[in-house]
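Q: Quick one: this structure, given as structure tokens, is what I'll be asking you about.
Protein chains: 2
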Amino acid sequence: MKKSTVTTRPSPKVRVLTDIMLAVFRVHGRLLEKGDELVRPLRLTSARWQALGAVALAGSPRSAPQIAVSMGMTRQGAQKQLHALVREGFFEQRSNPRHERSLLYALTALGLHAYAQAMALEVVWARALGEGLPLQDLKQTLRTLDILYERLDSPVPEKGSAS
Amino acid sequence: MKKSTVTTRPSPKVRVLTDIMLAVFRVHGRLLEKGDELVRPLRLTSARWQALGAVALAGSPRSAPQIAVSMGMTRQGAQKQLHALVREGFFEQRSNPRHERSLLYALTALGLHAYAQAMALEVVWARALGEGLPLQDLKQTLRTLDILYERLDSPVPEKGSAS
DNA sequence: TCAATAATGGAAACTGGTTGTCAATATGGA
DNA sequence: TCCATATTGACAACCAGTTTCCATTATTGA
């Protein structure tokens, strides 16, 4: 046991990684906030935009569990949003020939329109955000984030485990 | 107005930026999840760990609004965590000579111990996470995230605004 | 000095996510 | 075929954050 309060002096890499984690937290918070702001005029939020995107990108109606997967959240969480989006006219429920109980969610004209507008807004926003940043740097960042994401799948190392 | 459903064909940079945003969302989710997992044995969560860190790094007791700022969340959100952390013995309230109502939050022995342990766990975790990744790539990623964070401060561009 | 304003804490309502439970529907294997 | 198991939807409880409103305490300027 060392005497100092700080148990271990972390290596530079550990320090940069810690800073990346904190940066991800901050950026995430801002992205949510700005995303909400961006699509508010369309009566959307980031989460609802994401749900519209899940169906729009799939190209055909999708069931709630499918939408949950592509939103990266739980089935029940997605259900909540889907109910709200149906209530507000962005989605409509269609009968599912393959499953009596599990309805499909399809974009209405309103939903399709809102999504197209959101995409257009996002292009403008992203262009401003990336101005002056070399494409190569952005690609590098994306690659690193993807690698970190993959590794975050593997379990947290146990204290002293050798597995 | 174009004929296709997709209004604009985004440039490569816009596409990479969009992917980065999605990656930030995914990584954030995993970081929270894994962070909670990492410090669960210490009876902490990611949020509470962060609150302990705010006071530990400051080096002396801090008021609730100060802690809120360094946690990057609202005053009331931080208050909730602080109440819980006091209730559970990680923090203790001290009178504030400069403000009768606004108490200071100080780490207890338990809080200090838990924070030191969390830091040690994090070092092990971060080391595994960064294994094989060039330090330079990590620095590049951090720099890009920081730049994006800065730019996210500026307001969302208005549709067609020239300001 | 004292009145206006700012900072602070408390509480409530809301958002968007989670987990857990239960009942209904599908599915697959003996 | 039919039973065990898996999916699915609804609902409730909870968590962690937000906003809003109000009462109290500090601060500041006329």
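For the protein sequence lines, the chains are A and B, in the order given.
Per the numbering used here, the first sequence starts with residue 3, numbered consecutively.
Per the numbering used here, the second sequence starts with residue 3, numbered consecutively.
Note that CB positions come from ideal geometry on N, CA and C, so glycine has one too.
Check the C-beta distance from A/A58 over to A/L109 and give it rounded, since I have them as a contact under 8 Å.
A: With a Cβ gap of about 6 Å, A/A58 and A/L109 count as contacting.
Q: With 8 Å as the limit, tell me which residues of the stretch 48-74 of chain B have their beta carbon closer than that to any beta carbon of chain A; keep them in chain order.
A: If the cut-off is 8 Å between Cβ atoms, the stretch 48-74 of chain B has G74 near chain A.
Q: I need the boundaries of the alpha helix (DSSP H) containing A/L140, first residue and last residue.
A: Element bounds for A/L140: L137 to R153.
Q: Taking 9 Å as the threshold (beta carbon to beta carbon), is A/G31 in contact with chain B?
A: So yes, A/G31 belongs to the interface.
Q: In the DSSP assignment, what residue or residues form a beta bridge with B/R64?
A: B/R64 pairs with B/Y107.
Q: When you compare only the Cα positions, how much space is there between B/T143 and A/S48?
A: If I take the Cα positions, the gap works out to 24 Å.
Q: What residue range is occupied by the uninterrupted beta strand (DSSP E) comprising A/G96?
A: Note that residue 96 of chain A is Arg in the sequence shown, not Gly. A/R96 -> beta strand (DSSP E) spans F93 to R96.
Q: Can you tell which of A/S72, A/S62, A/L24 and A/V125 has its C-alpha closest to the C-alpha of A/R50?
A: Cα-wise, what sits closest to A/R50 is A/S72.
Q: Mind reading off the beta-carbon distance from B/Y248 to A/A25? Whole number of angstroms is fine, and I expect it under 8 Å.
A: Not covered by the structure: residue 248 of chain B. The range shown for chain B is 3 to 165.
Q: On the premise that A/V29 lies in contact with B/L154, defined as a C-beta separation below 8 Å, what is that separation, rounded to the nearest angstrom?
A: Indeed, because the Cβ distance is near 7 Å, the residues count as touching under 8 Å.
Q: Restricting to Cα atoms, I'd like to know which of B/L34, B/R32 and B/M23 is closest to A/K36.
A: With distances taken between Cα atoms, A/K36 lies closest to B/M23.
Q: When the cut-off is 9 Å and only beta carbons count, does B/E124 lie next to chain A?
A: It does: the Cβ of B/E124 has a partner Cβ on chain A nearer than 9 Å.
Q: Near A/A56, what residues of its chain come up, given a Cβ to Cβ distance below 6 Å and the 5 sequence neighbours on each side ignored?
A: So the qualifying residues of the chain are I69, S72 and M73.
Q: Does DSSP put B/E90 in a helix, in a strand, or in coil?
A: Of the three classes helix, strand and coil, the one that applies to B/E90 here is coil, per DSSP.
Q: Taking only beta carbons into account, state which residues of the stretch 131-145 of chain A come closer than 7 Å to chain B, listed in chain order.
A: Residues passing the 7 Å Cβ filter: L131, G132, L135, L137, D139, L140, K141, Q142, T143 and L144.
Q: Identify every residue that forms a DSSP beta bridge with B/H101.
A: According to DSSP, B/H101 bridges with B/N98.
Q: Give the straight-line distance between the Cα atoms of A/E39 and A/L46, rounded to the nearest whole angstrom.
A: The alpha-carbon atoms of A/E39 and A/L46 are separated by roughly 9 Å.
Q: With 16 as the cutoff for other CB atoms within 10 Å, does A/G79 come out buried or exposed?
A: With fewer than 16 Cβ atoms within 10 Å of its Cβ, A/G79 is classed as exposed.
Q: Please say whether B/A122 and B/F92 have beta carbons closer to each other than 9 Å?
A: Not closer than 9 Å, so no.
Q: Report yes or no: is there a C-beta of chain B within less than 9 Å of the C-beta of A/A25?
A: So yes, A/A25 belongs to the interface.
Q: Please report how far the alpha carbon of B/S104 lies from the alpha carbon of A/R17, in whole angstroms.
A: Computed Cα separation, rounded: 34 Å.
Q: For A/A128, go through chain B and note every residue whose CB falls closer than 7 Å to its CB, in chain order.
A: In chain order: V16, L19 and T20.
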